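Trainee:
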Amino acid sequence: MKSTLVLLLILSFALATRAQDQTSQTLSDYFFYQGSDITLPLNAKIKLAVGQFKDDFPFEASSITAEQWTIDGKDLMHQSKEQGELTFVNLQIDKGIYTAPAKVPPHNPVVITVSFHPEGQATKIILICRIHIINKENYFYLSDRNSIGGTLYELKEPLIPSRKAAQETAFFVNDQWNIGANGFQKSEQENSDLKLMGIGIGVVGDGKGTYTWTVNGNDNTGLKPPCNTVAVSGTDADGAPFQYMSVDCIPHGDSKCKPKALAGNTTISVFDKKNKIIKGYFSGILMSAKKNYVWVSGAFSVNMN
């Protein structure tokens, strides 16, 4: 059962995607590639860049001229370390690296903006990214481009240690680590209905590091391991189940569509074989079988098997 968790998520997603034949999205405006409302653990890092839809697929924008970045309304020369640190990527001012502070900042979420001109245009665009610094384990946060705020799905920790070990686990099979955190969603309301949630992660590696999401396979084989993937599932506020995956299938609506990795990364921050612990975090773009894009961020802490 454990050894097929991630593969089942992948296979069910791929089958549902091919069964859909809906009108493609036509989105051309700009957005924060990593999401406009995301989460990040303490001391974690995330690359920030501008994104744009091209041919119905989200890409990192390349034809922009960035003018200014701010963090909580201050330019980079006057930023406060209590709110984290924003730097440029290899002196490229159109890309930034944000590092979360060691403790939850006094102003949370941290608000980052970037202003720029698309190539050949006089219009100035300002994008806003809200980063919630969260000191939690085994959760994911979903948001979309067209709304402010998102939804947090946090795993309710089992009271029985043996059950926790079974529900929050990592095992190595098919040349990849398969990381899973599954169970009931934590709720602040008493006597609330129990809602299932799950996180399934594939990592092709054997240690700490940041792993870019990938695919392996084609239109004949479908998605197959090993590859770096993320899948999340749960139940929304209306009681409807959902599932999102870090894999698209291009072109949309084509029965011969080819698997394509969406933008995102999984970072392993703790890889302790002695104590059998894997911890880390992830963020990026996911897609449902109905071809709806969402932005995800989250963290995990599981036991090696």
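Residue numbers for the sequence shown follow the working numbering, beginning at 4 and rising by one.
We put the CB at the ideal spot given by N, CA and C, even for glycine.
Predicted model, so just to flag it, every value in this text is computed and none were measured.
If you check the beta carbons only, do residue 298 and residue 158 fall under 9 Å apart?
Mentor: no
Trainee: Kindly list the residues whose CB is nearer than 7 Å to the CB of residue 191, restricted to its own chain and excluding five residues on each side of it in sequence; keep chain order.
Mentor: none
Trainee: Helix, strand or coil for residue 309, going by three-state DSSP, please let me know.
Mentor: Only positions 4 to 308 of the chain appear in the structure, and residue 309 is not among them; the question remains open.
Trainee: Does the structure place the segment 288-296 close enough to the segment 80-93 that three or more beta carbon pairs sit under 8 Å?
Mentor: In the pairwise beta carbon analysis, the segment 80-93 is classified as not touching the segment 288-296: fewer than three pairs are separated by under 8 Å.
Trainee: At least one CB of chain D closer than 9 Å to the CB of residue 87: is that the case?
Mentor: This model lacks chain D altogether, as it is built from one protein chain only.
Trainee: For residue 301, write down the residues that DSSP places opposite it in a beta bridge.
Mentor: 143, 285
Trainee: I need the boundaries of the beta strand (DSSP E) containing residue 236, first residue and last residue.
Mentor: Under the DSSP assignment, residue 236 falls in the beta strand (DSSP E) whose first and last residues are 232-238.
Trainee: Considering only DSSP beta bridges, list what residue 98 is partnered with.
Mentor: In the DSSP output, where bridge partners are listed per residue, residue 98 has 52.
Trainee: DSSP three-state call for residue 43: helix, strand or coil?
Mentor: Three-state DSSP puts residue 43 in a strand.
Trainee: Can you give the Cα-Cα distance for residue 256 and residue 60, rounded to whole angstroms?
Mentor: 13 Å
Trainee: Within its chain, find whatever has a CB closer than 6 Å to the CB of residue 133; leave out the 5 residues flanking it on each side and keep chain order.
Mentor: 40, 112, 114
Trainee: Rounded to whole angstroms, what's the CA-CA distance from residue 207 to residue 125? Just pull it up for me.
Mentor: 44 Å
Trainee: Once DSSP output is grouped into helix, strand and coil, what is the label at residue 155?
Mentor: Of the three classes helix, strand and coil, the one that applies to residue 155 here is strand, per DSSP.
Trainee: Going by DSSP, what residue range makes up the beta strand (DSSP E) through residue 133?
Mentor: First-last of the beta strand (DSSP E) with residue 133: 128-136.
Trainee: Specify whether the segment 164-171 and the segment 207-219 touch according to this definition: at least 3 beta carbon pairs, one from each stretch, less than 8 Å apart.
Mentor: no
Trainee: Looking only at its chain, what residues have a beta carbon closer than 8 Å to the beta carbon of residue 238, apart from the 5 residues adjacent to it on each side?
Mentor: 188, 198, 199, 200, 244, 245
Trainee: Starting from residue 244, follow the beta strand (DSSP E) in both directions and report where the run begins and ends.
Mentor: 244-248
Trainee: Answer with buried or exposed for residue 240, where buried requires no fewer than 16 other C-beta atoms within 10 angstroms of its C-beta.
Mentor: exposed
Trainee: My output table needs one value for residue 28: the three-state DSSP class, helix, strand or coil.
Mentor: At residue 28 the pLDDT is 30, less than 50, meaning the model places this residue with poor confidence; the figure from the coordinates comes in the next sentence. Residue state, collapsed to three classes: coil.
Trainee: Hey, could you find the ends of the beta strand (DSSP E) residue 118 is sitting in?
Mentor: 113-121
Trainee: DSSP three-state label for residue 85, please.
Mentor: For residue 85, the three-state secondary structure derived from DSSP is helix.
Trainee: List the endpoints of the continuous alpha helix (DSSP H) containing residue 169.
Mentor: 164-170
Trainee: So, are the CB atoms of residue 127 and residue 119 less than 9 Å apart?
Mentor: yes
Trainee: Starting from residue 267, follow its DSSP beta bridges and name the residues at the other end.
Mentor: 287
Trainee: Between which two residues does the beta strand (DSSP E) harbouring residue 199 extend?
Mentor: 199-206
Trainee: Kindly give me the distance between the Cβ atoms of residue 281 and residue 307, rounded to whole angstroms, as I take these residues to be in contact under 8 Å.
Mentor: 6 Å
Trainee: Below 8 Å on the Cβ atoms is my guess for residue 286 versus residue 300; work out the distance and round it to an integer in Å.
Mentor: So it is a contact: roughly 4 Å between Cβ atoms.
Trainee: Give the range of the beta strand (DSSP E) segment to which residue 179 is assigned.
Mentor: 179-187
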